[in-house]
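Residue numbers (my numbering): 538 to 794. Backbone N, C-alpha and C fix where the C-beta goes; we use that ideal spot for every residue, glycine too. Following: one structure in structure tokens, then a few remarks.
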Ligand SMILES: [Fe+2]
């Protein structure tokens, strides 16, 4: 499996604090069946803001340490970009950059609101030849209340990443239900861990969430969310998502009851 979203690099954000934390995270990932993962630290808004070159060096260093320790996981460079109207300019200046030197950008929204400029920024990025991937839409308050917001983005070719812990209830029943509906409706295309540490719900594990997704959409589609689709993304190849399914009325009624 491939994990596209982790905070495994030490000392950059609220993820791994020390190199030992990073090594333990990689060990946990390997034990769970993850062979490749992307280091996606937060940017400057979290006190980080490592340059592309700095990040590449840090990833190379971690790779070397993992090789010495015999941990069979390959780490790739990436970034979790915080949505801002200024993203196109930030890309031009090089202060933000895509996953693994592709054209795919991992973008997160504020959790509490759905800014009105989301659609415009994503569209601008697409016009410039970038492919935005929306991180954990199931955790955004605005999208939870109105699934149509996500639907509109996905209809326009935006990919979305659901967090493994969300599917398993780590963020409560509301987020869990939302995540499950998004998987069922094919409104999310990738399962990633968004791991911040090596234990508990924020560890880099995917297999339990894949089993949960397999119950909802079948094994082949569930595995594609951690194998085929992230593999194509890391290779910079195009992804052809499954068509969106319509909401099932009785389910949403049950949901609001
Ligand atoms: Fe994250």
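A distance below 6 Å between beta-carbons, with the five flanking residues on each side excluded, links residue 639 to the following residues of its chain, in chain order: 773.
Using a cutoff of 8 Å, the CB of residue 577 counts as near ligand 1, since one of the ligand's heavy atoms is closer than that. DSSP places residue 700 inside the beta strand (DSSP E), whose first and last residues are 696–700. Between residue 702 and residue 722, the alpha-carbon positions lie close to 19 Å from each other.
By the neighbour-count criterion, in which 16 or more other beta carbons inside 10 Å mark a residue as buried, residue 578 falls on the buried side. In this structure, ligand 1 has a non-hydrogen atom nearer than 8 Å to the beta-carbon of residue 542. The beta carbon of residue 615 is closer than 7 Å to those of 575, 576, 577, 636, 637, 643 in its chain, skipping five residues each way along the sequence.
The continuous alpha helix (DSSP H) containing residue 750 extends over residues 744–754. Between the beta-carbon of residue 704 and that of residue 713 there is about 7 Å, and that keeps the pair under the 8 Å contact cut. Under DSSP, the beta-bridge partners assigned to residue 573 are 539, 611. A direct Cα-to-Cα measurement between residue 559 and residue 592 gives close to 14 Å. Using a 10 angstroms sphere on the CB of residue 609, the tally of other CB atoms stays under 16, which defines it as exposed.
The beta carbon of residue 624 lies closer than 6 Å to those of 658 in the same chain, with the five residues before and after it left out.
With respect to the 9 Å criterion, residue 539 and residue 768 are classified as neighbours on the basis of their beta carbons.
At the C-beta level, residue 542 and residue 731 come within 9 Å of one another.
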